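Residue numbers (the working numbering): 5 to 83.
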């Protein structure tokens, strides 16, 4: 994750707003987490944060930044 943060810092994207995210909900309507999609160069990075840890990020009234997502203690980079 540290390498990813370095790449985002180099591209000056840590303070960008996160606009795309999807909840991971199974067939029994249980939410297992959230996937945040972050554009970087010609790729789209996918960061997963499991339940209930993502809830504070998306329920805040302030704007969510890339830095807040990738710096979260439960954040996982999906390849």
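Note that the Cβ used here is the ideal one computed from N, Cα and C, for glycine as well. Remember, it's a predicted structure, so these values are computed and weren't measured experimentally.
Do residue j and residue i come within 7 Å of each other at the CB atom, strictly closer than that value?
i, j, result
"residue 41", "residue 50", "yes"
"residue 78", "residue 62", "no"
"residue 74", "residue 9", "yes"
"residue 81", "residue 5", "yes"
State the CB to CB distance for the pair residue i and residue j, rounded to an integer number of angstroms; the pair is presumed to be in contact (CB under 8 Å).
i, j, result
"residue 68", "residue 21", "7 Å"
"residue 12", "residue 70", "6 Å"
Mapping the DSSP letters down to three states, classify residue i as helix, strand or coil.
i, result
"residue 22", "coil"
"residue 51", "strand"
"residue 83", "coil"
"residue 68", "coil"
"residue 32", "coil"
"residue 7", "helix"
Name the one or two DSSP bridge partners that residue i has.
i, result
"residue 43", "48"
"residue 63", "DSSP output for residue 63 lists no bridge partner at all."
"residue 27", "38"
Check the Cβ-Cβ distances between residue i and every residue of chain C, and say whether any is below 7 Å.
i, result
"residue 15", "You won't find chain C in this structure, because it holds only one protein chain."
At a cut of 8 Å, does the region 51-64 reach the region 35-42 through at least three beta carbon pairs?
yes
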